[in-house]
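See structure below.
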Amino acid sequence: MQGSIAYAKAIRSANLLSHEELQVIVSGLEQVKAEWEKGQFTIHVEDEDIHAANERRLSRHIFVDDSYAWYAKTDVERLQELRRRVNVLPLGSGAIAGNPFQIDRRSLASELNFSEITENSMYAVGDRDFVAEFLFWSSLTAIHLSRLCEDLIIYSSKEFDFVRLADRFSTGSSLMPQKRNPDCMELIRGKTGTLLGKCMGFMATLKGIPSTYNKDLQEDKEALFSSVDVLNCMFVVITGALETLKIPFREAHHSIGKVVALSESLGVSLCELTLEQLQTVSETFEEDVMQLWNICNSVEQYNVTGGTSTSAIAGQISNLRAWLQQVNPV
1 MQGSIAYAKA IRSANLLSHE ELQVIVSGLE QVKAEWEKGQ FTIHVEDEDI
51 HAANERRLSR HIFVDDSYAW YAKTDVERLQ ELRRRVNVLP LGSGAIAGNP
101 FQIDRRSLAS ELNFSEITEN SMYAVGDRDF VAEFLFWSSL TAIHLSRLCE
151 DLIIYSSKEF DFVRLADRFS TGSSLMPQKR NPDCMELIRG KTGTLLGKCM
201 GFMATLKGIP STYNKDLQED KEALFSSVDV LNCMFVVITG ALETLKIPFR
251 EAHHSIGKVV ALSESLGVSL CELTLEQLQT VSETFEEDVM QLWNICNSVE
301 QYNVTGGTST SAIAGQISNL RAWLQQVNPV
């Protein structure tokens, strides 16, 4: 872990990572380290080695964009605040003016785990703000999920190919079976509009109601219960999709192995394979792959201390000459 953290900092110094990205990676690595130290790290059968295992856990801690973890944190905190605010007992308010039986409402509240009681009976029977607040919370949480899904839709496209959704969270096409449509992400994005509609629809119902209870308020049940059902389904889908998400760079490693096997079977070197032959292994190979066989390009790309570029070798030669001058100044 220490080596990985140090190397991440080195990559940051090379301007290959932003400061924010470095913080996210270091935080994730420290979480993985803590799991090892506490004996909580679990090795999976599919882990190739310890590096693959650490990589898998790191991707779970920092995946997609750390900003969405903060959205989730805020959503949870907002729900907790909502629960504290609406945890007020209306029982004992009667239909409009309380009850004549001297019921101890505070004892009722304590026994039923309510933190407070309503102070006004007309308010108690006519209030549905708690429903409106929950519907707003549901809508806002769904908006955050929708934005995450939009990122995943873009990241899983052929143009980006940063991530790969599992088969059970993707569908093909009747006309183009090779396609991998991110249907689960699109459905979550679509259901977000449904939740927004339920929230706005119920608030429109509230706006024209006079004091105390009216039959219109029965609309709260459908809006509330259906929103809970929809949001629960969204949570199940997004959790499953994230848990099974794959990072395609591993596939690149396997593709190279297949290319080597192909060159051996044909009895030719890698640089003698044509683009058409490479594309039989993976369609991701494009014209620029042929530049890899240029020896000069291959040598010059390692322009670091200890590398093979002309300037790196010249630096080594210069250092050796300086050393020789020190040990043998004649």
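With the UniProt record's numbering as the guide, the letters of the sequence shown map in order to residues 1 to 330. Glycine residues also receive a C-beta, built at the ideal position from the N, C-alpha and C atoms.
DSSP places Arg105 inside the alpha helix (DSSP H), whose first and last residues are Arg105 to Glu111.
Excluding the 5 residues flanking it on each side, Glu219 has same chain C-beta neighbours closer than 7 angstroms at Phe202 and Thr205, in chain order. In the three-state scheme derived from DSSP, where H, G and I count as helix and E and B as strand, Thr171 is classed as strand. Look at Lys198 here: in three-state DSSP terms it is helix. Contact between Met1 and Leu29 holds, since their C-beta atoms are separated by about 5 angstroms, short of 8 angstroms.
Rounded to the nearest whole angstrom, the CA to CA distance from Ala34 to Glu81 is 31 angstroms. DSSP places Arg180 outside both helix and strand once states are collapsed to three, so it counts as coil. Taking C-beta atoms under 8 angstroms as the contact rule, Ser311 and Tyr302 fail to qualify, at a distance of about 10 angstroms. In chain order, Leu108 place their CB closer than 6 angstroms to the CB of Leu91, counting only its own chain and leaving out the 5 sequence neighbours on each side.
Val125 and Leu242 have their C-alpha atoms roughly 43 angstroms apart.
Less than 7 angstroms divides the Cβ of Leu145 from the Cβ of Met234. Remark: C-beta atoms of Val163 and Leu245 approach each other more closely than 7 angstroms.
Rounded to whole angstroms, the gap between the alpha carbons of Arg83 and Val76 is 11 angstroms. Under DSSP, Arg164 shares a beta bridge with Lys246. In terms of Cα proximity to Ala14, the closest of Trp323, Arg321, Val304 and Asp216 is Val304. In this structure, the straight-line span from the alpha carbon of Gly307 to that of Ile188 is close to 48 angstroms. When DSSP states are grouped into helix, strand and coil, Ile256 belongs to the helix group.
Contact check between the stretch 126-142 and the stretch 168-179: fewer than three CB pairs, one atom from each, fall below 8 angstroms, which does not count as touching.
With a 10 Å radius around the Cβ and a threshold of 16 neighbouring Cβ atoms, Cys199 comes out buried. Around the CB of Met176, fewer than 16 other CB atoms lie within 10 Å, so the residue is classed as exposed. By the Cβ test, the stretch 209-219 is in contact with the stretch 126-137, since at least three Cβ pairs between them sit closer than 8 angstroms. Straight-line spacing of the CA atoms in Cys296 and Glu264 works out to 24 angstroms.
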